[in-house]
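Participant:
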Amino acid sequence: MRYGDFTPFDIVLLLQGLGVSLALFVSTTLIGLFIGTVWAVIRFYRVPVLMQLVTFVAELLKNSPVLVQLFLVFFGLPAFLKINVTPTEAAVITLSGNSAAFIYVIAVSAIESVGRDQIEAARVFGLTRWQILRRVIAPQATAFAIGPLTGLLVNQLQVTSLISVIGVMDLTKVGNILNLRTLKPFLVWTAVGLLYYLTAKLVTYAGARFEKRLRAHTAWKGL
Amino acid sequence: MISITGLRKSFGAATVLNGIDLEIRQGEVVSVLGSSGSGKSTLIRCINGLEKIDAGKITVDGFDVSKPRELSEARKRSGTVFQLFNLYPHMTAVQNVALAPIEVLKLPRMQAEAEARELLHSVGLTERADAYPSQLSGGQRQRVGICRALAMKPSYLLLDEVTSALDPEMTSEVLSILAALAKTGTTMVFVTHEIEFARSISSRIAFLDKGQLIADLPTEEFFSATGMALPRVAQFLSKMRKD
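Those sequence lines, one after another, are chains A and B. Going by the numbering used here, the first residue of the first sequence is number 1, and it counts up by one from there. Going by the numbering used here, the first residue of the second sequence is number 224, and it counts up by one from there.
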């Protein structure tokens with residue numbers, strides 16, 4: 001067997017890369033969901049100063065390339081603050097922040113999609129702003145947000161491939177290594193692409209299932 | 224008692240309510256009549272605190288609605304039924320009715336839902352208690368809306384053109400329930416275009432025109448020579464009867 005041949009171990013390598021990509025995707029999505037939702041709630045309560053700050057940060061994150069953000073966190077932060085940032089840490093920070101910014105936008109429009117008239121009804125009956133958010137707005141906003149959120153997450157999954165440039169051993173980085181060793185780019189990148197494709201399909205499928213479940217028990221699909 | 228003195232409200236340059244004085248005592252059914260745009264709905268929205276008033280004072284059992292601290296107390300005493308129902312679409316009829324008792328009055332869920340079912344039963348919706356608003360007809364939705372207001376055991380029921388979005392058959396469904404409520408002594412402020420019905424259930428009629436209260440009379444006086452002596456009232460009544 002020559003050095004340039006494929007070995008069964010390459011499959012393990014690819015799957016490991018996929019595992020790293022998935023772990024990063026899931027963890028940064030969860031962190032992003034949390035931060036993005038908190039930001040949206042800050043906006044809902046119109047907290048002075050904080051609200052302006054959130055809008056500003058979200059605008060910055062949305063309107064600059066993720067790769068630039070990644071370089072800023074990985075190379076810029078250590079130089080500026082004299083701290084050590086590992087590639088994985090840089091990846092988690094950057095991708096979480098980026099997801100949070102887009103999830104914030106989706107959450108805000110989902111909250112605004114809930115009709116004013118219902119909110120007025122709830123206010124008249126003496127519900128507090130928090131009770132209205134929790135019982136009236138959140139259930140409807142979640143159902144509304146699932147569609148755009150699924151679209152965003154499929155995109156964020158692809159964006160994780162950028163972290164390979166700072167040396168995280170994700171699926172794309174593994175592809176790069178295999179490519180350099182075997183010099184069979186067509187085969188390697190087809191396999192890598194297919195794995196991303198299948199994962200993305202899985203995300204879409206899960207999103208559709210979840211949306212169906214959220215809306216099945218109500219018949220207000222047309223709303 | 225709901226007491227309104229010197230109430231003024233404008234939206235931008237448009238003055239909608241221009242100095243209203245009105246008192247609604249316990250046990251009264253007061254119908255508020257007037258042509259579209261006369262400020263009837265705004266009056267209701269000021270009483271329940273959905274609109275900030277520009278001048279004057281509104282108190283519900285002594286609680287000033289323009290003071291945030293007192294507004295919540297005032298709101299506990301009045302229940303509003305809306306023209307377009309304003310039900311929560313993601314909740315069943317029972318859940319719609321039980322939400323405020325659970326969240327605001329802190330009733331246990333079981334008790335609140337049992338009471339909600341009883342209310343729905345009393346308006347003939349026993350079978351539809353677990354349906355979502357989208358599965359109900361307009362008249363059924365408004366009956367849920369009425370139950371939702373009654374579930375808070377309000378001292379005053381504020382009804383904002385509750386039949387305007389309904390066809391005649393559904394209108395009579397809803398009106399018969401209101402008539403029954405009036406008989407049990409429920410205090411109501413009833414903003415409406417249903418002149419004949421207002422006449423049949425009200426103890427008093429308040430007539431609004433261009434943001435001013437131009438008549439506040441016992442029902443029979445309003446519909447007799449006293450009311451007819453007011454040109455705007457005579458004009459309004461003759462027009463409404465023609466339609």
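All C-beta atoms, glycine included, are put in the ideal place defined by N, C-alpha and C. In this text the structure is predicted, and so the values were computed from the model without any measurement.
Going by the beta-carbon positions, is the gap between Val114 of chain A and Ile137 of chain A smaller than 8 Å?
Facilitator: Numbered from its first residue, the first sequence carries residue 114 of chain A at position 114. Numbered from its first residue, the first sequence carries residue 137 of chain A at position 137. Their beta carbons are under 8 Å apart, which means Val114 of chain A touches Ile137 of chain A by this criterion.
Participant: Please state whether the Cβ-Cβ distance between Val252 of chain B and Ile400 of chain B is less than 8 Å.
Facilitator: Reading the second sequence from its first residue, position 29 is the one you call residue 252 of chain B. Reading the second sequence from its first residue, position 177 is the one you call residue 400 of chain B. Against a cut-off of 8 Å, the Cβ pair of Ile400 of chain B and Val252 of chain B comes out as no contact.
Participant: Would you identify the three-state DSSP class for Asp10 of chain A, choosing helix, strand or coil?
Facilitator: The sequence position of residue 10 of chain A within the first sequence is 10, counting from 1. Of the three classes helix, strand and coil, the one that applies to Asp10 of chain A here is helix, per DSSP.
Participant: Count the other C-beta atoms from every protein chain shown that fall within 10 angstroms of the C-beta of Tyr3 of chain A, then say buried if there are 16 or more, exposed otherwise.
Facilitator: Within the first sequence, the letter at position 3 stands for residue 3 of chain A. Result: exposed.
Participant: Taking the runs of the beta strand (DSSP E) that are 3 residues or longer, which of them lie wholly in the region 389–439 of chain B?
Facilitator: Here the runs fully enclosed are 410–414, 427–432.
Participant: Please classify Asn309 of chain B: does DSSP put it in a helix, a strand, or coil?
Facilitator: By one-based count along the second sequence, residue 309 of chain B stands at place 86. It is coil, neither helix nor strand.
Participant: Using three-state DSSP, classify Asn63 of chain A as helix, strand or coil.
Facilitator: Translated into positions along the first sequence, residue 63 of chain A becomes position 63. If DSSP states are grouped into helix, strand and coil, Asn63 of chain A belongs with coil.
Participant: What residues in the region 310–327 of chain B have a beta carbon less than 7 Å from any beta carbon of chain A?
Facilitator: The region 310–327 of chain B vs chain A, Cβ under 7 Å: Tyr311, Pro312, His313, Leu322, Ala323, Glu326, Val327.
Participant: Near Ala354 of chain B, which residues of its chain fall below 7 Å by C-beta distance, leaving aside the five closest residues on each side in sequence?
Facilitator: Residue 354 of chain B sits at position 131 when you count from the first residue of the second sequence. Answer for Ala354 of chain B: Thr315, Ala316, listed in chain order.
Participant: Pick out whichever of B:Val397, B:Ile225, B:Asn309 has its Cα sitting closest to the Cα of Ser345 of chain B.
Facilitator: Against the second sequence, residue 345 of chain B aligns to sequence position 122. Nearest C-alpha to Ser345 of chain B: B:Val397.
Participant: If we cut at 8 Å on Cβ distances, does Pro8 of chain A have a partner in chain B?
Facilitator: Against the first sequence, residue 8 of chain A aligns to sequence position 8. Chain B, which has no Cβ nearer than 8 Å to the Cβ of Pro8 of chain A, makes this no.
Participant: Starting from Phe446 of chain B, trace the beta strand (DSSP E) both ways and give me its first and last residue.
Facilitator: Numbered from its first residue, the second sequence carries residue 446 of chain B at position 223. Unbroken run through Phe446 of chain B: none, as it is neither H nor E.
Participant: Taking the Cβ atom as the reference point for each residue, do Val159 of chain A and Leu95 of chain A lie within a distance shorter than 8 Å?
Facilitator: Numbered from its first residue, the first sequence carries residue 159 of chain A at position 159. Numbered from its first residue, the first sequence carries residue 95 of chain A at position 95. The answer is yes: Cβ separation under 8 Å.
Participant: Taking 8 Å as the CB-CB cut-off, is Leu307 of chain B touching chain A?
Facilitator: Here residue 307 of chain B refers to the residue found at position 84 when the second sequence is read from its first residue. Yes, Leu307 of chain B lies at the interface with chain A (some Cβ there is under 8 Å from its Cβ).
Participant: Could you tell me how far apart the beta carbons of Glu296 of chain B and Phe286 of chain B are, in whole angstroms, since I believe they sit closer than 8 Å?
Facilitator: By 1-based counting over the second sequence, the position of residue 296 of chain B is 73. By 1-based counting over the second sequence, the position of residue 286 of chain B is 63. Right, their Cβ atoms sit about 4 Å apart.
Participant: When the Cα atoms are used, what is the spatial distance from Thr442 of chain B to Ala448 of chain B?
Facilitator: Your numbering for residue 442 of chain B matches position 219 in the second sequence. Your numbering for residue 448 of chain B matches position 225 in the second sequence. One C-alpha to the other measures close to 12 Å.
Participant: Against Pro78 of chain A, what residues of chain B qualify as contacts under a CB-to-CB distance less than 9 Å, listed in chain order?
Facilitator: Translated into the one-based positions of the first sequence, residue 78 of chain A becomes position 78. Within chain B, no residue comes near Pro78 of chain A; the closest Cβ sits about 48 Å away, beyond 9 Å.
Participant: Find the residues of chain A that neighbour Ser295 of chain B, judging by a C-beta separation of less than 8 Å, and give them in chain order.
Facilitator: Locating residue 295 of chain B in the second sequence gives position 72, where the first residue counts as 1. Ordered by position in chain A, the residues that pass the 8 Å Cβ test against Ser295 of chain B are Gly126.
Participant: Report the partner residues of Ala90 of chain A according to the DSSP bridge assignment.
Facilitator: Along the first sequence, read from residue 1 onward, the residue named residue 90 of chain A stands at position 90. Ala90 of chain A pairs with nothing; no bridge assigned.
Participant: Hey, could you find the ends of the beta strand (DSSP E) Asp117 of chain A is sitting in?
Facilitator: The sequence position of residue 117 of chain A within the first sequence is 117, counting from 1. Counting along the chain, Asp117 of chain A falls outside any beta strand (DSSP E), though it belongs to the alpha helix (DSSP H) covering 116–124.
Participant: Contact criterion: CB-CB distance below 8 Å. Does Ala110 of chain A meet it with respect to chain B?
Facilitator: Stepping through the first sequence from its first residue, residue 110 of chain A is reached at position 110. Answer no: the Cβ-Cβ gap between Ala110 of chain A and chain B never drops below 8 Å.
Participant: Below 8 Å on the Cβ atoms is my guess for Val188 of chain A versus Leu178 of chain A; work out the distance and round it to an integer in Å.
Facilitator: Counting from one through the first sequence, the residue named residue 188 of chain A turns up at place 188. Counting from one through the first sequence, the residue named residue 178 of chain A turns up at place 178. 5 Å between Cβ atoms; contact.
Participant: Which value, in whole angstroms, describes the spacing of the CA atoms of Glu326 of chain B and Leu13 of chain A?
Facilitator: Start at 1 with the first residue of the second sequence, and residue 326 of chain B comes out as number 103. Start at 1 with the first residue of the first sequence, and residue 13 of chain A comes out as number 13. Cα to Cα, Glu326 of chain B sits roughly 54 Å from Leu13 of chain A.
Participant: Which residues share a DSSP beta bridge with Gly246 of chain B?
Facilitator: Position 23 of the second sequence, counted from the start, is the residue given in the question as residue 246 of chain B. First, the residue type needs correcting, since residue 246 of chain B is Glu and not Gly in the sequence shown. In DSSP, Glu246 of chain B forms a bridge with B:Ser226.
Participant: Regarding Lys232 of chain B and the ligand ATP, is the C-beta to nearest heavy atom distance less than 7 Å?
Facilitator: Of the ligands one can find in the structure shown there are none, so the ligand ATP has no counterpart to examine.
Participant: So what does DSSP say about Ala141 of chain A, is it helix, strand or coil?
Facilitator: The sequence position of residue 141 of chain A within the first sequence is 141, counting from 1. Ala141 of chain A: helix per DSSP, three-state reduction.
Participant: Out of curiosity, what's the CA-to-CA distance linking Leu451 of chain B and Arg268 of chain B?
Facilitator: If you number the second sequence from 1, residue 451 of chain B lands on position 228. If you number the second sequence from 1, residue 268 of chain B lands on position 45. It should be pointed out that residue 451 of chain B corresponds to Met in this sequence rather than to Leu. Roughly 29 Å separates the two Cα atoms.
Participant: For the putative contact between Gly302 of chain B and Leu373 of chain B, defined by C-beta atoms under 8 Å, what is the C-beta separation to the nearest angstrom?
Facilitator: Position 79 of the second sequence, counting from 1, holds the residue named residue 302 of chain B. Position 150 of the second sequence, counting from 1, holds the residue named residue 373 of chain B. So it is a contact: roughly 6 Å between Cβ atoms.
Participant: For the putative contact between Leu153 of chain A and Thr28 of chain A, defined by C-beta atoms under 8 Å, what is the C-beta separation to the nearest angstrom?
Facilitator: The residue given as residue 153 of chain A occupies position 153 in the first sequence. The residue given as residue 28 of chain A occupies position 28 in the first sequence. Going by Cβ atoms, the distance from Leu153 of chain A to Thr28 of chain A rounds to 10 Å, so no, they are not a contact pair.
Participant: Closer than 7 Å between beta carbons: that is the criterion. Which residues of the region 371–400 of chain B meet it against chain A?
Facilitator: Residues passing the 7 Å Cβ filter: Met375.
Participant: Excluding the 5 residues flanking Glu211 of chain A on each side, which residues of the same chain have their C-beta closer than 6 Å to its C-beta?
Facilitator: Walking along the first sequence from the start, residue 211 of chain A turns up at place 211. Ile146.
Participant: Is there at least one Cβ from chain B nearer than 8 Å to Ala121 of chain A's Cβ?
Facilitator: Position 121 of the first sequence, counting from 1, holds the residue named residue 121 of chain A. Closer than 8 Å: yes.
Participant: Have a look at Thr190 of chain A and Pro139 of chain A and give me their C-alpha separation to the nearest angstrom.
Facilitator: Working through the first sequence from its first residue, we reach residue 190 of chain A at position 190. Working through the first sequence from its first residue, we reach residue 139 of chain A at position 139. The alpha-carbon atoms of Thr190 of chain A and Pro139 of chain A are separated by roughly 41 Å.
Participant: Just how far apart, CA to CA, sit Tyr311 of chain B and Ile119 of chain A?
Facilitator: Here residue 311 of chain B is taken as the residue at index 88 of the second sequence, counted from 1. Here residue 119 of chain A is taken as the residue at index 119 of the first sequence, counted from 1. The straight-line gap from Cα to Cα measures roughly 9 Å.
Participant: With H, G and I counted as helix, E and B as strand and the rest as coil, what does DSSP make of Ser264 of chain B?
Facilitator: Taking the second sequence and counting its residues from 1, one reaches residue 264 of chain B at position 41. The answer is helix: DSSP assigns Ser264 of chain B an H, G or I state.
Participant: Are the beta-carbon atoms of Leu53 of chain A and Leu162 of chain A separated by less than 8 Å?
Facilitator: For this step, residue 53 of chain A is matched to residue 53 along the first sequence. For this step, residue 162 of chain A is matched to residue 162 along the first sequence. It is not a contact, given that the beta carbons lie outside the stated cut-off.
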